[in-house]
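Undergrad: The sequence shown begins at 1 in UniProt numbering and counts up by one. Every residue, glycine too, gets a C-beta built ideally from N, C-alpha and C.
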Amino acid sequence: MSRVEVVDLLDAALGRLVDAVVLPVSARRAGEQLGSDLVGWHFRTPAALERSVRLLSARLPELIGESPGRDSRIADVLATVAGGFATAVHESTLHQQDVIQQAVLRARDEAERELGASEARFRAVFSDSALGIAIGALDGTIEDANDAMVRIFRTTLDDLVGRTVFDLLDPEWAAAIRPACADLAHGTIDRLGEVTRTTTEDGSHVWTQLSASLVRRSSGPDEADGRRGSDYVVMLWEDITERHMLQEQLRRQATHDPLTGLANRTLLTLRLQDALTGTHDERRVGLCYFDLDGFKAINDSLGHPIGDDLLRATAQRLQATAAEVGALAARMGGDEFVVLVPDSAGPPAVLELVETLLREVLSPVRLGGHELTVSASVGVVERPVARTDAGELLRDADITLYRAKGEGKAQWVLFESDVDEASRRRFRLSATMPAALDDDEFYVEYRQARHHPGGELVAVEADVRWDHPELGELCSTEFLPLAQETGLVVRLGNWALRQICTHAFGWQQRLGDEAPTVAVTLSERHFRDPGLVGGLRSVLADTGLRPDKLCVVVPESVLFDEDDDPVDTVEILQGLGITLVVDGFGGDLRRLPRLRELRMNAVKISGPYVAGYAAEHGPDPLDEHVVRSLVRAAELLGFSVVADGVDDEAQAARLASDGVRIVQGEAAGSRVSAMEIELAVAAAC
Numbered sequence: 001m002s003r004v005e006v007v008d009l010l011d012a013a014l015g016r017l018v019d020a021v022v023l024p025v026s027a028r029r030a031g032e033q034l035g036s037d038l039v040g041w042h043f044r045t046p047a048a049l050e051r052s053v054r055l056l057s058a059r060l061p062e063l064i065g066e067s068p069g070r071d072s073r074i075a076d077v078l079a080t081v082a083g084g085f086a087t088a089v090h091e092s093t094l095h096q097q098d099v100i101q102q103a104v105l106r107a108r109d110e111a112e113r114e115l116g117a118s119e120a121r122f123r124a125v126f127s128d129s130a131l132g133i134a135i136g137a138l139d140g141t142i143e144d145a146n147d148a149m150v151r152i153f154r155t156t157l158d159d160l161v162g163r164t165v166f167d168l169l170d171p172e173w174a175a176a177i178r179p180a181c182a183d184l185a186h187g188t189i190d191r192l193g194e195v196t197r198t199t200t201e202d203g204s205h206v207w208t209q210l211s212a213s214l215v216r217r218s219s220g221p222d223e224a225d226g227r228r229g230s231d232y233v234v235m236l237w238e239d240i241t242e243r244h245m246l247q248e249q250l251r252r253q254a255t256h257d258p259l260t261g262l263a264n265r266t267l268l269t270l271r272l273q274d275a276l277t278g279t280h281d282e283r284r285v286g287l288c289y290f291d292l293d294g295f296k297a298i299n300d301s302l303g304h305p306i307g308d309d310l311l312r313a314t315a316q317r318l319q320a321t322a323a324e325v326g327a328l329a330a331r332m333g334g335d336e337f338v339v340l341v342p343d344s345a346g347p348p349a350v351l352e353l354v355e356t357l358l359r360e361v362l363s364p365v366r367l368g369g370h371e372l373t374v375s376a377s378v379g380v381v382e383r384p385v386a387r388t389d390a391g392e393l394l395r396d397a398d399i400t401l402y403r404a405k406g407e408g409k410a411q412w413v414l415f416e417s418d419v420d421e422a423s424r425r426r427f428r429l430s431a432t433m434p435a436a437l438d439d440d441e442f443y444v445e446y447r448q449a450r451h452h453p454g455g456e457l458v459a460v461e462a463d464v465r466w467d468h469p470e471l472g473e474l475c476s477t478e479f480l481p482l483a484q485e486t487g488l489v490v491r492l493g494n495w496a497l498r499q500i501c502t503h504a505f506g507w508q509q510r511l512g513d514e515a516p517t518v519a520v521t522l523s524e525r526h527f528r529d530p531g532l533v534g535g536l537r538s539v540l541a542d543t544g545l546r547p548d549k550l551c552v553v554v555p556e557s558v559l560f561d562e563d564d565d566p567v568d569t570v571e572i573l574q575g576l577g578i579t580l581v582v583d584g585f586g587g588d589l590r591r592l593p594r595l596r597e598l599r600m601n602a603v604k605i606s607g608p609y610v611a612g613y614a615a616e617h618g619p620d621p622l623d624e625h626v627v628r629s630l631v632r633a634a635e636l637l638g639f640s641v642v643a644d645g646v647d648d649e650a651q652a653a654r655l656a657s658d659g660v661r662i663v664q665g666e667a668a669g670s671r672v673s674a675m676e677i678e679l680a681v682a683a684a685c
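This is the structure in structure tokens:
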């Protein structure tokens, strides 16, 4: 094969591998095909495979580029390349073995007729073969062996002859092949093939592929048991040590973290499944989830190399201590580690181990001329194996870890089902929220805002609800903070805007100028989203809603940037004709004069000061002073004031006497659906 042809073949194979990493459904087939092709192109040595894998490891990341899970997919593909190579080499070896065995058989058969010529041919094959060849008795005793056998087993011919096959192998491998050898000797099978291991005098391991065949002396039945008589066994040995070691290296890369050498998620999952296999009713398991405190500050200030060294040092300490008690240390990613304690002796024993691990982590370490000390927070779960699954155990440990960090860091917290039920509920809601949005489990109702006194409907404010299939109806306060944390709040907010504007356009068509303004409260994250303005323009155009019928309520803090200058979004929305309302008015008194520049339409006040107006004898002087001050400041700025959380007539009347003319809450009416808005408008007329 010419050099040009080889280059073309390699280019085509590399293209298939790139596609396989991008489309992992074909990864195994493409990797195995390349491994097989290498053998077909006569690149059959372990060194050829090693250089090919090393080249692919370097080139594939460059061709694919950054993508989630890229390194893991590349490692999987490279493992299948090695697997395909090993399978092809094995098949080729078996073919060679068949050829040799047939030559041996033919030579021995012809020996009965042509002893001189056949002996010469047999000896040529026997002596010159790169495979180790041994002739043995039915009990496995070696009667003759070639020079290749001597080289493979690093011994002498005299030492080989007279020993059994089982003497050559390590005890566990010898025990594994004894049954097959017995079947071969009795004629139950004609051939066996096994991978075996031998430990040499210097302590190194030799891995071999053994293939043995039965050579029959005659075709007639044996007088004793009716089976055909058997004379001897031909054994062929191939040294596969280098190939085996390379496969083990690739296998380790797939199950261990490349930075720290600890077990990765894949191996942890396998060990966790083993630990959760209930061998007896009292079996218990412990899981300790570690997160380094302040690691990001060290990584950012001293650089990633120092950060990596710190992770390695921490991993070594965790591994050494965990190994002493038969536990497994694993890296979950970033600065998070897990220690799995199979067959736990109970909570006290696991917590004692955690205390020891924390002391090890807290010990100062000197890296790059810096003496560093890092603490850790730990979530600990210890429970019976019965009725426990791996996902639940990891989730509960993760939840408990965040509780430990929230309670002050540098400590451990033991999972308690009652205490952590709220966290588990939050975790479950976070995990199911994206699917719930796809499945239309969210809907919009409206809270009314009315003049007081008089009761005229001024506006309605959207209130997103979740019709959860298991937990029932959930109010926005139960899931919006989670949406904010997970980043889903932008997607949820865009969905709500389209629903709200569609409803409001229907009111606009049927009620004309009597249709109420619809208000929507945007989170800080949503208001700062670069796609907000474009999305709003698109929604207004698609639904046909007049911009002046839409009111956007935003927190006071989001109206200004880091330099305390007004954000451009405010001016753009005002230019579209959208009404803007400040939520949490008066939260930062220094910004009050700046609000005049923004030409907002109204402000909202709420909280304990407004709630104080619901007291039986009226608000205390401090509540009254704060509310009056905020109302007066709004008047000076030219803003209307809306009080939220007004639940009865007496509270509304007291606020009205202090200048609040618009109220929201039960005093303005209960929440209503989009269809009930028209009835509410009719009732107010």
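Considering Cα atoms alone, identify which of G136, G534, A643 is closest to V610.
TA: Considering only alpha carbons, the answer is A643.
Undergrad: Does DSSP put E348 in a helix, a strand or coil?
TA: The amino acid at residue 348 is misidentified as Glu; the sequence shows Pro. The answer is helix: DSSP assigns P348 an H, G or I state.
Undergrad: Quick check on the burial criterion: 16 or more other C-beta atoms within 10 angstroms. Buried or exposed for C475?
TA: C475 comes out exposed.
Undergrad: Counting only the same chain and skipping the five closest in sequence on each side, list residues whose C-beta sits under 6 angstroms from that of E50.
TA: Excluding residues within five positions, the ones whose Cβ falls inside 6 angstroms are L246.
Undergrad: Let me know if L573 comes out buried or exposed under the rule of 16 or more other beta-carbons within 10 Å of its beta-carbon.
TA: When all chains shown are included, L573 counts as buried.
Undergrad: In three-state terms, what does DSSP make of K296?
TA: K296 falls in the helix class under three-state DSSP.
Undergrad: Taking C-alpha atoms, which residue in D202, I177, L55 lies nearest to V195?
TA: Comparing Cα positions, the closest option is I177.
Undergrad: Give me the Cα-Cα distance between D658 and R628, rounded to the nearest whole angstrom.
TA: When rounded, the distance between both Cα atoms is 6 angstroms.
Undergrad: Can you tell which of E473, I399, A349 has the C-alpha that lies nearest to the C-alpha of S377?
TA: S377 has its Cα closest to that of I399, out of E473, I399, A349.
Undergrad: Going by CA-CA distance only, name the one from P621, L55, A519, L262 that's closest to L580.
TA: Minimum Cα distance to L580 is reached at A519.
Undergrad: I'd like to know if the stretch 251-264 and the stretch 84-92 are in contact, where contact means that at least 3 CB-CB pairs between them fall below 8 angstroms.
TA: With a cut-off of 8 angstroms, the stretch 84-92 and the stretch 251-264 do not count as touching, because too few Cβ pairs lie within range.
Undergrad: Can you name the residues that DSSP bridges to residue 686?
TA: Lying outside 1 to 685, the shown extent of the chain, residue 686 is not represented and no answer is given.
Undergrad: Would you kindly report the start and end of the unbroken alpha helix (DSSP H) that includes Q448?
TA: Run containing Q448: none in the alpha helix (DSSP H); it sits in the beta strand (DSSP E), 442-451.
Undergrad: Are V380 and V354 close, meaning C-beta to C-beta below 7 angstroms?
TA: Yes; because the gap between Cβ atoms is below 7 angstroms, this pair is in contact.
Undergrad: If you draw a straight line from the C-alpha of E461 to the C-alpha of R525, how long is it?
TA: One C-alpha to the other measures close to 19 angstroms.
Undergrad: Return the bridge partner residues of P171 from the DSSP annotation.
TA: DSSP output for P171 lists no bridge partner at all.
Undergrad: Does DSSP put M235 in a helix, a strand or coil?
TA: Looking at M235 - three-state DSSP - the assignment turns out to be strand.
Undergrad: Report the partner residues of residue 724 according to the DSSP bridge assignment.
TA: The shown model of the chain, from 1 to 685, leaves out residue 724, and the question about it has no answer.
Undergrad: For R284, collect the residues of the same chain with a Cβ closer than 6 angstroms to its Cβ; drop the 5 residues on either side in sequence, then sort them by chain order.
TA: Cβ neighbours of R284 beyond the five flanking positions: S344, P384.
Undergrad: Terminal residues of the continuous alpha helix (DSSP H) containing P555?
TA: Run containing P555: none in the alpha helix (DSSP H); it sits in the beta strand (DSSP E), 550-555.
Undergrad: What does DSSP give as the partner residues of K604 in its beta bridges?
TA: Answer is V642, bridged to K604.
Undergrad: Using the three-state DSSP reduction, which class does G220 fall into: helix, strand or coil?
TA: Interpretation of G220 is limited by its pLDDT of 47, a score under 50 that renders its predicted location unreliable; the figure taken from the coordinates is listed afterwards. Strand.
Undergrad: Kindly indicate the opening and closing residues of the alpha helix (DSSP H) around E143.
TA: No alpha helix (DSSP H) contains E143, which is instead part of the beta strand (DSSP E) from 142-145.
Undergrad: Assign G229 to one of three DSSP states: helix, strand, or coil.
TA: Per-residue confidence for G229 stands at a pLDDT of 47, beneath the threshold of 50, marking its modelled position as unreliable; the derived number appears in the next sentence. Here G229 sits in strand by DSSP.
Undergrad: Given that a residue counts as buried once 16 or more other Cβ atoms are within 10 Å of its Cβ, and exposed if not, what is A148?
TA: Buried, by the Cβ-count rule.
Undergrad: In this structure, does DSSP put V567 in helix, strand or coil?
TA: It is coil, neither helix nor strand.
Undergrad: Would a C-beta distance cut-off of 7 angstroms place L328 and R395 closer than the cut-off?
TA: Not closer than 7 angstroms, so no.
Undergrad: Along the chain, where does the alpha helix (DSSP H) that runs through L246 open and close?
TA: It spans 241-255 - the alpha helix (DSSP H) in which L246 sits, taken as one unbroken run.
Undergrad: Taking 8 angstroms as the threshold, find out whether the stretch 470-484 comes into contact with the stretch 640-654 through three or more Cβ pairs.
TA: No, because fewer than three Cβ pairs between the stretch 470-484 and the stretch 640-654 fall closer than 8 angstroms, the two stretches do not touch.
Undergrad: Can you grab the Cα-Cα spacing for the pair D566 / L598, in whole Å?
TA: The question names Asp, yet the displayed sequence has Pro at residue 566. Answer to the nearest angstrom: the Cα atoms are 8 angstroms apart.
Undergrad: What does a CB cutoff of less than 6 angstroms around T93 pick up in its chain, not counting 5 residues either side in sequence?
TA: Contacts found: E238.
Undergrad: Suppose you measure from the CA of L679 to the CA of G512; what does that come to, to the nearest Å?
TA: Between L679 and G512, the C-alpha separation is close to 14 angstroms.
Undergrad: Give a yes or no on whether the C-beta atoms belonging to P555 and D583 are separated by under 7 angstroms.
TA: Yes; because the gap between Cβ atoms is below 7 angstroms, this pair is in contact.
Undergrad: Measure the CB-CB distance between R243 and T200 and report whether it falls below 7 angstroms.
TA: No, Cβ-Cβ distance for R243 and T200 is not below 7 angstroms.
Undergrad: Which word fits residue 691, buried or exposed, when buried means at least 16 other C-beta atoms lie within 10 angstroms of its C-beta?
TA: With the chain covering 1 to 685 only, the question about residue 691 has no answer from this structure.
Undergrad: For a test of the three-state rule: what should DSSP assign to V25, helix, strand or coil?
TA: Low local confidence applies: a pLDDT of 49 at V25 is under 50, so the model's placement there is unreliable, with the coordinate-based value given in what follows. Helix, per DSSP.
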